[in-house]
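Encoded as structure tokens, the structure appears first; notes follow it.
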Amino acid sequence: MKPAAKPPQPAAILAGRPWPLGVEWVQAEDAFNFALYSRHATGATLYAYRLEGPHDPECGHGFDPQKVLLDPYAPSVFFPPQFSRKTNAPTSITEGAERTN
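For the sequence shown, our numbering begins at 11 and goes up steadily by one.
So this is what it looks like as structure tokens:
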């Protein structure tokens with residue numbers, strides 16, 4: 011009987027860099043660096059950019075954590091052939107209708 015293999019050890023998590031904005035492959039660390047900026051965001055999800063913060067259009071704030079944002083610094087965007095904006099649209103008329111940012 012073979013001895014049990016050791017489970018893989020997680021890589022050390024290193025502090026990222028604030029520049030360049032967007033996603034960057036860091037060859038030396040065999041990892042990606044994500045950098046984004048928002049003066050008023052209170053949270054972010056990196057699976058896709060979802061920003062949390064105040065929703066106050068009169069002050070120019072339109073944060074909506076339900077919206078998935080594209081990386082404005084991405085050199086390209088790929089949508090799979092089966093992707094449909096209609097299928098992936100909000101499920102109710104009020105969801106997303108009041109917020110335009």
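The beta carbon of each residue, even a glycine, is placed where N, CA and C say it ideally should be.
Note that this is a predicted model, so its numbers are computed, not measured.
message = If you measure between the beta carbons of residue 32 and residue 83, is that distance less than 7 Å?
response = Residue 32 is a Cβ neighbour of residue 83, given a cutoff of 7 Å.
key: Burial state of residue 57 (16 or more Cβ within 10 Å)   = exposed
message = Using C-beta distances below 6 Å, list every residue in its chain close to residue 44, excluding the 5 sequence neighbours before and after it, in chain order.
response = 33, 56
ask   = Thinking just about the alpha-carbon of each residue, which of 95, 86, 65 is nearest to the one in residue 52?
value = 65
key: 7 Å CB neighbourhood of residue 87 in its chain, flanking five on each side removed   = 80
task = Find the nearest neighbour of residue 40 within the set 89, 75, 22, judged by alpha-carbon distance.
result = 22
Residues bridged to residue 59 (per DSSP) = 79
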